[in-house]
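To start, the structure under review is shown below, and the notes come after it.
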DNA sequence: TTGACAAATGACTCAATAGTCACTATTATA
DNA sequence: TATAATAGTGACTATTGAGTCATTTGTCAA
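Here it is in structure tokens:
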């Protein structure tokens, strides 16, 4: 639906500028040039709108980063590519990133908090796999601490260009953070954040993605898809989900077929997780 | 006035739990067990309340940290003491620290933003002086970048115990961050944040503390003060402010006299800045 | 042209909130 | 005890904002 997208775009601008609470539905509809009623045809409530925004962009950002990490073959490049992709994604979706930072510790809504935790954990897992791949046993004791350093870098340095309009030299920023991360990873001996601590603070949110959820999303995508290759790949992947008979190489290839399509990023991310690629 | 303090304490709790916008004056007065009118006898508005809270706690926190940095003679201890004092202060004032993190990028109020920027800059200057003292020319190119790393550590690791109730081992945390800071300070070669960048993003807030402002505060303190030594020291410092005749050593001594008194922390901080100790 | 259906409107309701003010209670003083 | 000064009250106003719904407008096929 076109209206939904329009509302999301315009609301994003206002939320980024004034914050979620401080933006009224009235303002959103005026900014869209539609009536108040029209808003409620697309979204059941203002809350549903912000949740939709979070899902839409977090899926995009998470799968962007994950894709880069999984597809950078050269370990020497990996960290650089990770930071580059991360800040590039934040920069591309800067209005959303602003909202994310502004509202991340806000407590309006149970569902909101759950979503935030969920995506937070996804990103944490991506960083963890990256650390394990790059440094292996070297960071056995320190890897959970390193995750927090990296997340700290991500938020601190984002703020510079998001809220202070600092010019963003993505290459320099990434190189600078690669150096820092390598230094910390190679020489840290006193971690503060241990696996126990992570376990301890982990909220009880068992939000594993189930096969049923993936099936639901894959069916939606199949219905929307026009391109024949992608569509067929999705259909085959769906069958594989229901009845796993295809060899891993073929599944990998099918995933490859869809993973560059803009509308398939999320589903391809979920499938990669599910099939453990 | 007693009421003012009661309101500040109770409001702090509610703001920390639900956020500033989401807490109504009604709720605050109910939580205090007073009427709505009584609130407006102590504060002109809800905004004035949050500004008072910020001033009260940021003065405390800033002067705590500054005092430690200035009074740790042993350079080997300095960084440890800095982190220890910082997180200790955040932990002691954890309700306030929560508000600070939750609302720091919020944009309700021009005055609010100015205050935040102001205290931000103060802390930034403390960190800068610490870095220059410890590493000198070694960090000439990287010191502004290091400030951002340290601030990143401060906010990331605070969140762990502020919002996730992680147990706080202050000693371990400080040691861990000392190691990290040393690593980064000694080996970073590619800074992202340069002095130019800092200059570029610095908002035009020329909020220098004037002699008049200091005089006003010092007079308040003199009026409130009971202890004879502290009171006399304040009076002499006030005279020195109006007519600088005393030798530096004496001024230093007078400052020393008052700097441990809980009600003089802020004024002693301001005076140290003014007399350039 | 008609009539059936969907899309869109915006005046309205209801709840909540910041801030006011005429009044009351309390305390200090003479 | 009487009086004045101060502290405290809570019903009230004015305003805003989320969400609703009776009505209008637009778009088809027949």
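Residue numbers (the numbering used here), protein chains in the order written: chain S, 3 to 279; chain W, 3 to 279.
Each residue gets a CB set at the ideal place from its N, CA and C atoms; glycine is no exception.
- Between residue 5 of chain S and residue 37 of chain S, the C-beta spacing is not below 8 Å.
- Per the coordinates, the alpha-carbon of residue 14 of chain W lies some 13 Å from the alpha-carbon of residue 23 of chain W.
- Taking C-beta atoms as the reference points, residue 80 of chain S and residue 136 of chain S count as a pair closer than 8 Å.
- Any Cβ of chain S closer than 8 Å to the Cβ of residue 168 of chain W would place that residue at the interface, and such an atom is present.
- When C-beta distances to chain W are compared with 9 Å, every residue of the stretch 116 to 134 of chain S stays at or above that value.
- For residue 189 of chain S, the closest C-alpha among the options W/194, W/187, W/181 is that of W/181.
- Annotation: the continuous alpha helix (DSSP H) that includes residue 179 of chain W extends over 172 to 189.
- Looking from the CA of residue 259 of chain S, the closest CA among S/232, S/198, S/102 belongs to S/232.
- Taking the Cα of residue 157 of chain W as reference, the smallest distance to any Cα among W/219, W/221, W/101 is reached at W/101.
- Considering only beta carbons, no part of the stretch 247 to 258 of chain W lies closer than 9 Å to chain S.
- Against residue 191 of chain S, the close residues of chain W are 181, in the order they occur along the chain (beta-carbon pairs closer than 7 Å).
- Contact check for residue 148 of chain W against residue 133 of chain W passes: the beta carbons are separated by less than 8 Å.
- Judged by pairs of C-beta atoms under 8 Å, the stretch 68 to 87 of chain S does not touch the stretch 20 to 35 of chain S, as fewer than three such pairs exist.
- The beta carbon of residue 239 of chain S is closer than 8 Å to those of 220, 253, 256, 257, 260, 273 in its chain, skipping five residues each way along the sequence.
- Taking a Cβ-Cβ threshold of 8 Å, the residues of chain W close to residue 174 of chain S are 192, 194, in chain order.
- Contacts with chain W (Cβ-Cβ distance below 8 Å) from the stretch 133 to 160 of chain S involve 147, 150, 151, 153, 154, 155, 157, 158, 159, listed in chain order.
- By a beta-carbon distance limit of 8 Å, residue 179 of chain W contacts residue 85 of chain W. Their separation comes to about 5 Å.
- In summary, the residues of the stretch 14 to 30 of chain W whose CB is separated from some CB of chain S by less than 9 Å are 19, 20, 21, 23, 24, in the order they occur in the chain.
- Of the residues assessed, residue 223 of chain W falls on the buried side of the cut-off, its CB having 16 or more other CB atoms within 10 angstroms.
- Listed by position along chain S, the residues whose Cβ is nearer than 7 Å to that of residue 186 of chain W are 182, 185.
- The Cβ-Cβ distance between residue 51 of chain S and residue 103 of chain S does not fall below 8 Å.
- What residue 199 of chain S touches in chain W, judged by beta-carbon distance under 7 Å, is 168, going in chain order.
- For residue 177 of chain W, the C-beta contacts it makes with chain S under 8 Å involve 192, in order along the chain.
- No residue range can be given for residue 167 of chain S, since it is assigned to no alpha helix (DSSP H) and is classified by DSSP as neither H nor E.
- Residue 90 of chain S: member of the alpha helix (DSSP H) spanning 77 to 94, first to last residue.
- Apart from the 5 residues on each side of it in sequence, residue 25 of chain S sits with its Cβ closer than 6 Å to the Cβ of 16, 17 in its chain, given in chain order.
- Each residue's CA atom was taken as its position, placing residue 56 of chain S and residue 159 of chain W some 25 Å apart.
- The Cβ atoms of residue 91 of chain W and residue 128 of chain W do not sit closer than 8 Å to each other.
- Here DSSP, grouped into helix, strand and coil, assigns residue 58 of chain S to helix.
- The straight-line gap separating the alpha-carbon atoms of residue 59 of chain W and residue 95 of chain W is approximately 8 Å.
- Judged by DSSP secondary structure, residue 106 of chain S falls outside any alpha helix (DSSP H); it is assigned neither H nor E.
- Straight-line measurement puts the Cα of residue 126 of chain S at about 9 Å from the Cα of residue 146 of chain S.
- Cβ-Cβ separation between residue 172 of chain W and residue 89 of chain W: approximately 6 Å, consistent with a contact (criterion under 8 Å).
- Secondary structure at residue 158 of chain S: helix, using DSSP grouped into helix, strand and coil.
- The Cβ atoms of residue 268 of chain S and residue 118 of chain S do not sit closer than 8 Å to each other.
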